[in-house]
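Student:
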Amino acid sequence: MNRALMPNLLTPQDLEPNWEWRDRLPAWGHTSVDFERRVDHDRLRRYRLARTRQSLQNSQAGSLLLFDVNNIRYVTATKIGEWERDKMCRFCLLTGDDSPYVWDFGSAAVHHQRYSDWLEPSHCLAGVVGMRGTIPPEFGLMQKYAKMIAQLIKDAGMADMPVGVDYAETAMFHALREEGINVVDGQQIMLAAREIKNWDEIQLLTQAAAMVDGVYHMIYEELKPGVRENDIVAMSNKLLYEMGSDDVEAINAISGERCNPHPHNFTDRLIRPGDQAFFDILQSYQGYRTCYYRTFNVGRATPSQNDAYVKAREWIDASIAMIKPGVTTDKVAEVWPTAESLGFPNEDAAFGLQFGHGLGLALHERPIISRAVSLDHPMEIQTGMVFALETYCPATDGYSAARIEEEVVVTETGCEVISLFPAEELPIANRY
0 MNRALMPNLL TPQDLEPNWE WRDRLPAWGH TSVDFERRVD HDRLRRYRLA RTRQSLQNSQ
60 AGSLLLFDVN NIRYVTATKI GEWERDKMCR FCLLTGDDSP YVWDFGSAAV HHQRYSDWLE
120 PSHCLAGVVG MRGTIPPEFG LMQKYAKMIA QLIKDAGMAD MPVGVDYAET AMFHALREEG
180 INVVDGQQIM LAAREIKNWD EIQLLTQAAA MVDGVYHMIY EELKPGVREN DIVAMSNKLL
240 YEMGSDDVEA INAISGERCN PHPHNFTDRL IRPGDQAFFD ILQSYQGYRT CYYRTFNVGR
300 ATPSQNDAYV KAREWIDASI AMIKPGVTTD KVAEVWPTAE SLGFPNEDAA FGLQFGHGLG
360 LALHERPIIS RAVSLDHPME IQTGMVFALE TYCPATDGYS AARIEEEVVV TETGCEVISL
420 FPAEELPIAN RY
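Position 358 of the sequence shown, counted from 1, bears residue number 357 in numbering that gives the first Met the number 0, the numbering being contiguous throughout.
(1) Whole angstroms is fine: what's the gap from valine 128's alpha carbon to alanine 145's?
(2) Can you list, in chain order, the residues of its chain with a C-beta nearer than 6 Å to that of arginine 288? Leave out the 5 residues immediately preceding and following it.
(3) Please work out which residues of its chain come closer than 7 Å, Cβ to Cβ, to aspartate 39, disregarding the five sequence neighbours upstream and downstream, and give them in chain order.
(4) Taking the DSSP output, what are the residues bridged to glycine 355?
(5) On a CA-only basis, which of Met210, Pro272, Asn259, Leu65 is nearest arginine 227? Give me that one, please.
(6) Considering only the beta carbon of each residue, do alanine 401 and cysteine 392 sit closer than 8 Å?
(7) Can the beta-carbon of aspartate 13 be found closer than 8 Å to that of arginine 45?
(8) Contact check, valine 211 vs serine 418 under 8 Å by CB: the rounded distance?
(9) Nearest by alpha-carbon distance to cysteine 88: which of Arg50, Tyr166, Tyr215 is it?
(10) According to DSSP, is leucine 190 part of a helix, a strand, or is it coil?
(11) Is any non-hydrogen atom of the ligand NAP found closer than 7 Å to the C-beta of arginine 47, if you look at the structure I gave you?
(12) Please determine, among Asn197, His110, Leu425, the residue with the shortest C-alpha to C-alpha distance to alanine 307.
(13) For threonine 301, which residues from the same chain have a beta carbon less than 6 Å from its beta carbon, with the 5 sequence-adjacent residues on both sides left out?
(14) Looking only at its own chain, which residues have a Cβ that is under 8 Å from the Cβ of proline 224, when we skip the five neighbours before and after it?
(15) What are the start and end residues of the alpha helix (DSSP H) that includes glycine 213?
(16) Do the region 238-255 and the region 327-336 meet, that is, are 3 or more Cβ pairs less than 8 Å apart?
(17) Looking at C-alpha atoms only, which residue of Pro260, Thr51, Trp18 is the closest neighbour of aspartate 396?
(18) Could you tell me which residues DSSP pairs with serine 340 in its beta bridges?
(19) Given a cut-off of 8 Å on the beta-carbon distance, is the pair glutamine 150 and alanine 174 in contact?
(20) Quick one: what does DSSP say leucine 48 is sitting in, helix, strand or coil?
(21) Identify the continuous beta strand (DSSP E) that holds phenylalanine 277 and give its terminal residues.
(22) Do the CB positions of leucine 63 and glycine 185 come within less than 8 Å of each other?
(23) In chain order, which continuous runs of the alpha helix (DSSP H) of length 4 or greater are located wholly inside the region 37-108?
(24) Between Tyr398, Leu341, Gly179, Glu168, which has its C-alpha nearest glutamine 275's C-alpha?
(25) Can you give me the C-alpha to C-alpha distance between isoleucine 427 and serine 106, rounded to a whole angstrom?
(26) Assuming contact is defined by CB atoms lying nearer than 8 Å, are glutamine 282 and aspartate 246 in contact in what I supplied?
(27) Leaving out the 5 sequence neighbours to the left and right, which residues in its chain are closer than 7 Å to leucine 190 when beta-carbon positions are compared?
(28) Quick one: give me the first and last residue of the beta strand (DSSP E) that arginine 402 is part of.
(29) Let me check one thing: in DSSP terms, what residues is tyrosine 291 bridge-paired to?
(30) Only counting the same chain, and skipping five residues up and downstream in sequence, which positions put a Cβ closer than 8 Å to that of asparagine 345?
(31) Hey, out of Ile71, Leu203, Gln381, whose CA is closest to isoleucine 322's CA?
(32) Name the residue from Gly28, Tyr431, Pro25, Leu203 whose alpha carbon lies nearest to the alpha carbon of glycine 286.
(33) For valine 331 and isoleucine 319, what's the separation of their Cα atoms in angstroms?
(34) To the nearest angstrom, how far is the alpha carbon of tyrosine 284 from that of alanine 207?
(35) Checking the sheet assignment: what are the DSSP bridge partners for glycine 163?
(36) Whose C-alpha, out of Pro421, Asp97, Phe34, is nearest the C-alpha of tyrosine 291?
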């Protein structure tokens, strides 16, 4: 059996991130080859489990019960498709010194037994609980699996310790309590594990960003009057899946008078001459996410639109300049304008406009950087974090706005930007 996820075979070396800070972060091709060392998936799996076990040991809990598919993938390296993301139909247990258990959707468990040789076959089990309530609690499945989980925890010698649960259906919490399980917040344990990326995770995040570089070049060529916001979304989806995306989570496409206030969506609005338009590409490659905004003008730009873009660029450059290990997130948030200066009543109303958030298997990981939370609750920036920084500036014309976002990898001495489509100046698509 492959040693990748056998806890008794994990070594201290598996916690090493194996960073190689040299001239520039490479964005390797997507296939495996014999002439370049690219992503080492066995090393990736061992690192993620070792990080989880270390985070668990640093907590008050003795076990983790996980329903969040991002956490399940991080611990077990299993994934059955994006359709299951919101179904709450899979779960995973990590307890004591045992290998992870994963309960999966019917035949998917058999597939893991056959093809996921880093897992113990006997720990790959078919199972389902509530599927967001569509299987009523009175059917007894939650009680059945709560008993099974409680017994496995007892067998592992962890019955006297709390169990960290990331999230679950309300009826599942009741079933666990009936089995005498003391539930604590497991999501914080998992986020602590996931916040530092190893070299392989950084490679996957860089590959994902490179895909979006290409999408923005396509948008730059296609953005013109007569094209609709949803046309850009459709073309972007097509190109991303052709390049190997496993999930286009969302694409924001906002143009013209819809730019201010930011609606965080797309419509069938027709692009018009002189529009300011911004886009956000949220997609994943092998599970690792992008969040990457760019703003364009169509044919021409007014002084007001240019001024908004210059300010948004200045604010994001100021925040990037702050990024290095040891700096705290409050210092980064302080370089951004206040909500009131942008016409919002308070920071809650402007949340997410001047913003930073970790990237990984989820769109929002640690650290979160915002004037709404970071000024009073700062976090320390550490080597190996990967996050997005985004700024927004409404134009003085009352309806246009500029939005820029850069993805950065924190190195030993600072950071490197991995979102490379040019954004130093306002791009004019199909200039008149």
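Where is the CB? At the ideal position from N, CA and C, for every residue including glycine.
Tutor: Taking the coordinates as given:
(1) Taking the CA atoms as reference points, valine 128 sits about 10 Å from alanine 145.
(2) Short of 6 Å from the beta carbon of arginine 288, and not among the five residues preceding or following it, lie these beta carbons of its own chain, in chain order: Leu358, Leu362.
(3) These residues qualify, in order along the chain: Asp199.
(4) Glycine 355 pairs with Ile368, Leu388.
(5) Cα-wise, what sits closest to arginine 227 is Pro272.
(6) Contact flag set, yes.
(7) Note that the C-beta distance between aspartate 13 and arginine 45 is below 8 Å.
(8) Going by Cβ atoms, the distance from valine 211 to serine 418 rounds to 7 Å, so yes, they are a contact pair.
(9) Residue Tyr166 is the option with its Cα nearest to cysteine 88.
(10) Three-state result, leucine 190: helix.
(11) The ligand NAP is not part of this structure, which contains no ligands at all.
(12) Nearest Cα to alanine 307 within the set Asn197, His110, Leu425: Leu425.
(13) No residues qualify anywhere along the chain.
(14) Excluding positions up to five away in sequence, the list reads Leu269, Ile270, Arg271, Pro272, Val297, Gly298.
(15) Segment 198-221, the alpha helix (DSSP H) holding glycine 213.
(16) Contact between the region 238-255 and the region 327-336 is absent: fewer than 3 CB-CB pairs across the two stretches fall below 8 Å.
(17) Closest option to aspartate 396, Cα to Cα, is Pro260.
(18) Serine 340 is not bridged to any residue.
(19) No; because the gap between Cβ atoms is not below 8 Å, this pair is not in contact.
(20) The answer is helix: DSSP assigns leucine 48 an H, G or I state.
(21) Looking at the DSSP string, the run of the beta strand (DSSP E) that includes phenylalanine 277 is 275-284.
(22) Leucine 63 is a Cβ neighbour of glycine 185, given a cutoff of 8 Å.
(23) If one requires a minimum length of 4 residues, the alpha helix (DSSP H) runs lying completely within the region 37-108 are 40-56, 68-75, in chain order.
(24) If you compare the alpha carbons of Tyr398, Leu341, Gly179, Glu168 with that of glutamine 275, the shortest gap goes to Tyr398.
(25) Per the coordinates, the alpha-carbon of isoleucine 427 lies some 51 Å from the alpha-carbon of serine 106.
(26) Going by C-beta atoms, glutamine 282 is nearer than 8 Å to aspartate 246.
(27) Only Glu364, Arg365 meet the Cβ criterion.
(28) Run containing arginine 402: 400-409, per the beta strand (DSSP E) assignment.
(29) Under DSSP, tyrosine 291 forms a beta bridge with Ile280.
(30) For asparagine 345, where only same-chain residues beyond five positions count, the Cβ hits under 8 Å are Ala338, Glu339.
(31) The residue with the shortest Cα to Cα distance from isoleucine 322 is Gln381.
(32) Closest option to glycine 286, Cα to Cα, is Leu203.
(33) Near 8 Å, if we compare the C-alpha coordinates of isoleucine 319 and valine 331.
(34) Rounded to whole angstroms, the gap between the alpha carbons of tyrosine 284 and alanine 207 is 5 Å.
(35) Leu63, Val183.
(36) Ranking Pro421, Asp97, Phe34 by Cα distance to tyrosine 291 puts Pro421 first.
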